[in-house]
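Sequence lines, in order, name chains A and B.
First residue of the first sequence: 1, per the numbering used here; consecutive thereafter.
First residue of the second sequence: 1, per the numbering used here; consecutive thereafter.
Don't be surprised by glycine CBs; every beta carbon is placed ideally from N, CA and C.
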Amino acid sequence: QKEVEQNSGPLSVPEGAIASLNCTYSDRVSQSFFWYRQYSGKSPELIMSIYSNGDKEDGRFTAQLNKASQYVSLLIRDSQPSDSATYLCAVNLGGDMRFGAGTRLTVKP
Amino acid sequence: GAGVSQSPSNKVTEKGKDVELRCDPISGHTALYWYRQSLGQGLEFLIYFQGNSAPDKSGLPSDRFSAERTGGSVSTLTIQRTQQEDSAVYLCASSFLSSGRGETQYFGPGTRLLVL
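Structure follows, in C-alpha cells:
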C-alpha cells in the first residue's frame, strides 16, 4: 500500500462546477497536510495547508481533513479553465514528508 | 522577495558525463530538499538537508548521486556517469525550520536534465 494515494485521473469537470480531489494516507500520526498545484512544465506551488480536522476555506478552495478516516480532500468551487493542472497531496508521515502521484484536473469551458 | 532559484534551467548531456545542478534556497530557510520528477510522474524524494545535521540521503537512487550544502545555504546535486534513465526534472525546495519534513515547502523552477 502506498503511503499517500491519489486517483491519478484525469478528472474532468465543466466550467463553474465543483471539482473534488481526494487523498488517503497510511500513517495515523500524520499532523500536517498540504495541497500543491502543478501546471504542466512548471514546479509545484502551495495552495493550502491544513492541520486540524474539519474544513479550511480560502477563496474558491476548501480543504477537508478527516484524521479518523485518514483522508484529506480539496474542493474547488466555480472551477475555471485556469484551474486545469495536476494537484499533489503531501502528508507529513511521522515527520517525513511524502507526496502523492497527483490528480490531473481538466476544467472544460 | 526572492524565491528558490535553480540553475541551469535546462541541461543536455551525453551518457557517461557528470553533471552538477545548483539550488539557492529562500534566505533564512534552514531545510532544503531535492526531488526528481520524471515525465507524467509524481515527486521522488532524493535528499534532505536540515541546518547542520547530517543529511537524509535515503532517497538517493544510486551511489552515482551525491549532494552537498555549503554554509547552510546553496546546495549542489551531482550525478556522476549519467545514464539515460537519469533524464528528468530535478526540483529543489526549501522550508523554514523543520521538525522533520512537514513544513510548507517552496519549490524552485527545476532543472530539466536530458541525457542522450
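Use the C-beta contact count for residue i: other C-beta atoms within 10 angstroms, 16 or more gives buried, fewer gives exposed.
i      : result
B/G108 : buried
B/Q84  : exposed
B/D86  : buried
A/Y51  : exposed
A/N92  : buried
A/P44  : buried
B/S38  : exposed
If you draw a straight line from the alpha carbon of residue i to that of residue j, how long is it in whole angstroms?
i      : j      : result
B/S58  : A/G41  : 27 Å
B/S73  : B/L91  : 16 Å
A/S82  : A/Y36  : 15 Å
A/G102 : B/E14  : 31 Å
A/V72  : A/G54  : 10 Å
B/K17  : A/L65  : 46 Å
A/F99  : A/P14  : 27 Å
A/F34  : B/G42  : 15 Å
A/A68  : A/G9   : 25 Å
A/A90  : B/L116 : 32 Å
A/Y39  : A/T86  : 6 Å
B/Y33  : A/N7   : 25 Å
A/G16  : B/R64  : 49 Å
A/V107 : A/L88  : 17 Å
A/S20  : A/S79  : 10 Å
A/L74  : B/G40  : 21 Å
A/L11  : A/S84  : 10 Å
A/D58  : B/S95  : 22 Å
Verify the contact flag: residue i, CB atom, against every heavy atom of the ligand SAH, threshold strictly below 7 Å.
i     : result
B/F65 : As for the ligand SAH, it is missing from this structure, which has no ligand bound.
Give me the chain B residues within the contact set of residue i, using Cβ-Cβ distance strictly less than 8 Å, ordered along the chain.
i     : result
A/S12 : Going along chain B, no residue has its Cβ under 8 Å from A/S12, so there is no contact; the nearest lies around 17 Å.
A/S49 : T104
Can you pull the chain A neighbours of residue i, defined as C-beta to C-beta under 8 Å?
i     : result
B/T30 : Within chain A, no residue comes near B/T30; the closest Cβ sits about 15 Å away, beyond 8 Å.
B/L91 : S43 and P44
B/G42 : L88, F99, G100, A101 and G102
Residue i touches chain B at which residues, Cβ-Cβ below 7 Å?
i     : result
A/F34 : T104
Within 8 Å of any Cβ in chain C, is that where the Cβ of residue i sits?
i     : result
B/D63 : Chain labels in this structure do not include chain C; the protein chains are A and B.
- Taking Cβ-Cβ distances below 8 Å as the criterion, which residues of the stretch 101-113 of chain B are in contact with chain A? R101, G102, E103, T104, Q105, Y106, F107, G108, P109 and G110
- Item | At least 3 beta-carbon pairs within less than 8 Å: the stretch 60-77 of chain B vs the stretch 20-31 of chain B | yes
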